[in-house]
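J.:
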Amino acid sequence: MTYTSSLLRLLDERGYIHQLTDAEGLDKLAAGQVVPGYIGFDATAPSLHVGSLVQIMLLRRLQQAGHKPVVLMGGGTTRIGDPTGRDESRKMLSDEAIEANIASIRTIFARLLHFGDGPTDAIMVNNHDWLGQLGYIELLQKVGTHFTVNRMLSFDSVRLRLEREQPMTFLEFNYMILQGYDFRHLARSAGVRLQMGGSDQWGNIVNGIELTRRMDGQEVYGLTTPLLTTADGGKMGKTAAGAVWLNDDALPAYDFWQYWRNTDDRDVGKFLRLFTDVPLDEIARLEALGGSEINAAKVVLANEVTRLCRGEAAAAAAEATASATFAGGGLGQDLPALALPAAGLSLVDALVGIGFAASRGEAKRLIAGGGAKVDGEAVTDETAHIVGGSEVRLSAGKKKHGILRPA
RNA sequence: GGACAGGUGGCCGAGUGGUUAAAGGCAGCAGACUGUAAAUCUGCCCGCGCAAGCGUACGCUAGUUCGAAUCUAGCCCUGUCCA
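Sequential numbering of the first sequence, starting at 60, is according to my numbering.
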């Protein structure tokens with residue numbers, strides 16, 4: 060359908076919309092007033108990773124279209140764990156750890172959203188503030204009466220778990236009730252009218268909408284984004300080294316830049332639309348590039364995403380390093396580095412020390428397989444020694460490069 | 001509380017006394033081909049050691065045995081059914 064509100068038009072043309080609970084209703088609302096909308100985030104780690112970036116960008120779009128982003132930190136629900144898609148119950152975190160995580164995660168939102176007291180300024184809330192107050196009996200009375208177990212059992216998050224004969228605790232089973240309550244609470248206390256989230260959150264969002272309608276007679280809306288996978292079928296944001304973290308201190312900017320630079324050809328256009336502010340006509344031009352020319356589009360993607368998440372300077376430095384290292388065959392200053400003692404260093408120790416191999420055995424296998432290079436030359440002798448005294452370029456495979464600097 | 005089934009390497013999943021550091025698959029790493037892409041083919045894939053080898057590992061603990069992932073007992077956890 061064609062939307063009249065700038066919000067839905069923007070979201071639609073950049074590929075954020077998977078499902079809407081009431082497209083017409085929301086379109087009308089968004090065309091006529093500032094719509095506060097929220098997305099919930101977990102506080103299980105000190106940083107969010109690339110898998111959450113669609114949601115963060117969605118809040119950014121909301122603000123760009125003149126509405127109000129509400130970042131909901133799951134300080135309360137993190138103490139429970141969302142059963143969705145997980146085979147195992149989540150570990151419980153201490154209150155202090157959760158608070159510290161929220162503070163750390165806040166820094167990434169500060170880069171991508173404008174916070175403040177104005178009508179379209181972003182705000183951050185923590186559901187521990189209201190869920191923590193709730194008494195069990197009170198919750199059962201107020202909220203429990205609006206849920207039937209029959210229906211709860213039919214939700215994918217529960218059903219799949221049962222079908223796979225994976226355990227699900229009562230604690231987790233309650234997650235959806237608390238999630239639904241969040242929406243109703245935010246609708247009442249902050250005038251929130253929209254909840255967004257990944258497609259796996261559909262059931263939770265619908266629950267919240269119904270609960271809000273039943274308890275308060277208030278009409279609220281839901282929107283989900285498509286499940287993002289890479290073109291080769293993998294999950295977004297996972298690499299060998301682990302998750303691609305958004306926070307500066309969780310992953311070096313150069314590695315973050317490289318993650319985007321190595322995007323599959325087929326994903327370039329999609330990622331540019333979702334993760335950058337590059338205008339659509341420019342994206343259309345970039346994704347039409349054929350053959351190796353598409354690499355130029357990948358550089359734009361890497362630069363833009365890094366700029367948004369890590370800042371202008373970090374993006375420029377990462378690009379300069381990549382350019383010097385790959386195109387120039389030289390050394391960029393942002394590469395991982397290791398001190399090289401005057402007496403030199405064994406190749407094995409150098410590979411382990413700089414982080415290209417997790418153990419000495421792995422380093423030896425890398426060497427034996429022909430993947431270790433010193434100053435661009437493959438070295439296949441496990442006992443090779445690197446002499447000290449001058450700067451050395453150390454590589455593992457074609458993509459991982461580092462510098463050994465005389466100490 | 002009872003009966004039955006099950007708990008194996010990052011994941012899935014074989015393995016029922018020695019030749020098992022444990023088949024196979026996925027994921028991952030490297031090589032070839034390329035464009036820092038994909039697909040494909042090849043090699044690698046617990047740790048330490050130059051090596052012979054040593055250490056650690058099949059839910060936990062104690063046993064049987066020359067020898068246990070494999071047998072026994074107790075315990076913990078999960079599922080299904082019964083109460």
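Just so it is clear, CB atoms sit at the ideal spot from N, CA and C, and this is done for glycine as well.
#1: Among 240, 239 and 217, which one has its Cα closest to the Cα of residue 229?
#2: Below 8 Å on the Cβ atoms is my contact criterion, and I expect residue 414 with residue 446 to pass it. Report the Cβ-Cβ distance as a whole number of Å.
#3: Could you compute how far the alpha carbon of residue 190 sits from the alpha carbon of residue 261?
#4: List the whole-angstrom C-beta distance separating residue 109 from residue 305, where the pair is believed to meet the contact cut-off of C-beta under 8 Å.
#5: By how many angstroms is the C-alpha of residue 187 removed from the C-alpha of residue 427?
#6: Drop a sphere of 10 angstroms on the beta-carbon of residue 141, count the other beta-carbons inside from all chains shown, and report buried for 16 or more, exposed for fewer.
#7: Since residue 268 and residue 279 are thought to touch, with beta carbons under 8 Å apart, how far apart are those beta carbons, to the nearest angstrom?
#8: Under a three-way DSSP split, which group does residue 147 fall into?
#9: Go ahead and pull the three-state DSSP assignment for residue 64.
#10: Please check the pair residue 171 and residue 120, which I expect to be a contact at CB under 8 Å, by giving their CB distance rounded to whole angstroms.
#11: Could you give the DSSP three-state label for residue 418: helix, strand or coil?
#12: If we call anything under 9 Å between Cβ atoms a contact, is residue 131 one with residue 175?
#13: Among 360, 74, 282 and 397, which one has its Cα closest to the Cα of residue 89?
#14: Quick check: the Cα distance between residue 454 and residue 448, rounded to an integer number of angstroms?
#15: For residue 248, which of 209, 323, 232 and 185 has the nearest alpha-carbon?
#16: By Cβ distance, which residues of its chain are closer than 7 Å to residue 64, with the 5 residues on each side in sequence left out?
#17: Kindly list the residues whose CB is nearer than 7 Å to the CB of residue 360, restricted to its own chain and excluding five residues on each side of it in sequence; keep chain order.
#18: I'd like to know whether the C-beta atoms of residue 129 and residue 183 end up nearer to each other than 9 Å.
#19: In terms of residues, what are the limits of the beta strand (DSSP E) holding residue 281?
#20: Buried or exposed: which applies to residue 364, given that a residue is buried once 16 or more other Cβ atoms fall within 10 Å of its Cβ?
#21: When every heavy atom of the ligand ZN is checked, does at least one fall within less than 8 Å of the C-beta of residue 69?
#22: Can you round the beta-carbon distance between residue 391 and residue 379 to whole angstroms, since I take them to be within the 8 Å contact cut?
#23: At which residue ranges does the region 82-113 contain complete alpha helix (DSSP H) runs of 4 or more residues, listed in the order of the chain?
T.: So, from the listed chains and residues:
#1: Within the first sequence, numbered from 1, the residue matching residue 229 stands at position 170. Answer by Cα proximity: 217.
#2: As a working mapping, residue 414 is identified with position 355 in the first sequence. As a working mapping, residue 446 is identified with position 387 in the first sequence. Actually they do not touch by this definition, with Cβ atoms about 21 Å apart.
#3: Counting from one through the first sequence, the residue named residue 190 turns up at place 131. Counting from one through the first sequence, the residue named residue 261 turns up at place 202. Cα to Cα, residue 190 sits roughly 21 Å from residue 261.
#4: To locate residue 109, count along the first sequence from 1; it is residue 50. To locate residue 305, count along the first sequence from 1; it is residue 246. That pair is a contact at about 7 Å.
#5: Within the first sequence, residue 427 is the residue found at index 368, counting from 1. Within the first sequence, residue 187 is the residue found at index 128, counting from 1. Residue 427 and residue 187: Cα-Cα distance of roughly 53 Å.
#6: On the first sequence, residue 141 is found 82 positions in, with the first residue counted as 1. Model confidence at residue 141 stands at a pLDDT of 49, short of 50, so the residue's coordinates are unreliable and nothing is read from them.
#7: Along the first sequence, read from residue 1 onward, the residue named residue 268 stands at position 209. Along the first sequence, read from residue 1 onward, the residue named residue 279 stands at position 220. The Cβ separation is near 5 Å, so the contact holds.
#8: On the first sequence, position 88 is the one that residue 147 refers to. Its pLDDT being 36, under 50, residue 147 is placed unreliably by the model, and nothing is read from it.
#9: Taking the first sequence and counting its residues from 1, one reaches residue 64 at position 5. Here residue 64 sits in coil by DSSP.
#10: Position 112 of the first sequence holds residue 171. Position 61 of the first sequence holds residue 120. The pair is not a contact, with the Cβ atoms about 10 Å apart (cut-off 8 Å).
#11: Residue 418 sits at position 359 when you count from the first residue of the first sequence. Looking at residue 418 - three-state DSSP - the assignment turns out to be coil, as it is neither helix nor strand.
#12: Numbered from 1 along the first sequence, position 72 holds the residue referred to as residue 131. Numbered from 1 along the first sequence, position 116 holds the residue referred to as residue 175. Not in contact: residue 131 and residue 175 (Cβ atoms no closer than 9 Å).
#13: Residue mapping note: residue 89 aligns to position 30 of the first sequence, counting from 1. Cα-wise, what sits closest to residue 89 is 282.
#14: Start at 1 with the first residue of the first sequence, and residue 454 comes out as number 395. Start at 1 with the first residue of the first sequence, and residue 448 comes out as number 389. Approximately 18 Å between the Cα atoms of the pair.
#15: In the first sequence, counting from the first residue as 1, residue 248 sits at position 189. Among 209, 323, 232 and 185, the Cα nearest to that of residue 248 is on 185.
#16: Taking the first residue of the first sequence as 1, we reach residue 64 at position 5. 86, 89 and 90.
#17: Here the question's residue 360 lines up with position 301 in the first sequence. Closer than 7 Å at the Cβ level, and outside the excluded window around residue 360, lie 319, 322, 327, 330, 331 and 335.
#18: What you label residue 129 is simply residue 70 of the first sequence in a count that begins at 1. What you label residue 183 is simply residue 124 of the first sequence in a count that begins at 1. Contact: yes.
#19: Here residue 281 refers to the residue found at position 222 of the first sequence. Residues 280-284.
#20: Along the first sequence, read from residue 1 onward, the residue named residue 364 stands at position 305. Residue 364 is buried by the Cβ-count criterion.
#21: The model on display carries no ligand, and the ligand ZN is accordingly not part of it.
#22: Indexing the first sequence from 1 puts residue 391 at position 332. Indexing the first sequence from 1 puts residue 379 at position 320. Indeed, because the Cβ distance is near 6 Å, the residues count as touching under 8 Å.
#23: 82-91
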